[in-house]
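*Asks:* I am attaching a structure below and will ask some questions about it afterwards.
In full-length UniProt numbering, the protein residues as written are 1 to 198.
Right, dumping it as structure tokens:
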């Protein structure tokens, strides 16, 4: 049975991000997956990395924060990951950026000091899916900003911890979308989540 971690980063209940999250979690469970679902804002995950915590993770002695320790123990057992979040200022929301910094820590998700001088990913996760919402049209996103979220996830974060297959889908533009369009997007979210298992 595949173990899949699904992570939501949006503070407003009832948002379209929540609908995507709920749809993906239910669909993966219907397909027989063991899903570890986390609404990071509802869980009040604290994004701030303390000075004390940086010393802890650098020495790879494990997180002192119980919530972080739980997430770290879970990511070590996952076969796939799904992240659901809006594009805010070309970045993931702070709660998810903080999750990356606190959970995907050295000694947990990667190690340094390899003979090649490159980081070595420690996670067994082979595939990850990022589902984004945006209110910026695709041509403007690419022409003016260069799609920074694509670079963050597919170049900076996930390959660093050993995830070779990084997939990303953007639903845009959300604010002026119709109910029919949102229904179609949820169908797409189910399809892309199921494809992680193939």
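Glycine included, every Cβ here is placed at the ideal spot set by N, Cα and C. These numbers come from a predicted model, not from an experiment.
(1) Out of 162, 26, 158, 43, which one is the CA nearest neighbour of residue 168?
(2) At 4 residues or longer, and completely inside the stretch 37-124: list those alpha helix (DSSP H) runs for me, N to C.
(3) Which term fits residue 5, buried or exposed, when burial requires 16 or more other beta carbons within 10 angstroms of its beta carbon?
(4) At a Cβ threshold of 8 Å, is residue 172 touching chain D?
(5) Residue 12: buried (16+ other C-beta within 10 angstroms of its C-beta) or exposed?
(6) Identify, in the order they occur along the chain, each residue of the same chain with its Cβ nearer than 7 Å to the Cβ of residue 188, setting aside the five sequence neighbours on each side.
(7) Just the C-alpha distance for residue 166 and residue 68, rounded to the nearest angstrom, thanks.
(8) Helix, strand or coil for residue 176 per DSSP?
(9) Less than 8 Å between the beta carbons of residue 24 and residue 193, yes or no?
(10) Rounded to a whole number of angstroms, what is the C-alpha to C-alpha distance between residue 49 and residue 176?
(11) Within a Cβ cutoff of 7 Å, which residues of the same chain sit near residue 147, ignoring the five residues on either side of it in sequence?
(12) Look at the alpha carbon of residue 139 and the alpha carbon of residue 90, and state the distance between them as a whole number of angstroms.
(13) Go ahead and label residue 128 buried or exposed: buried means 16 or more other beta carbons lie within 10 angstroms of its beta carbon, across all protein chains shown.
(14) Checking the sheet assignment: what are the DSSP bridge partners for residue 171?
(15) Check the C-beta distance from residue 20 over to residue 84 and give it rounded, since I have them as a contact under 8 Å.
*Replies:* From the atom records:
(1) 158
(2) 51-58, 66-75, 94-103
(3) buried
(4) Reference to chain D is not applicable here, since this structure consists of a single protein chain.
(5) exposed
(6) 169
(7) 24 Å
(8) coil
(9) yes
(10) 36 Å
(11) 141
(12) 14 Å
(13) buried
(14) 133
(15) 5 Å
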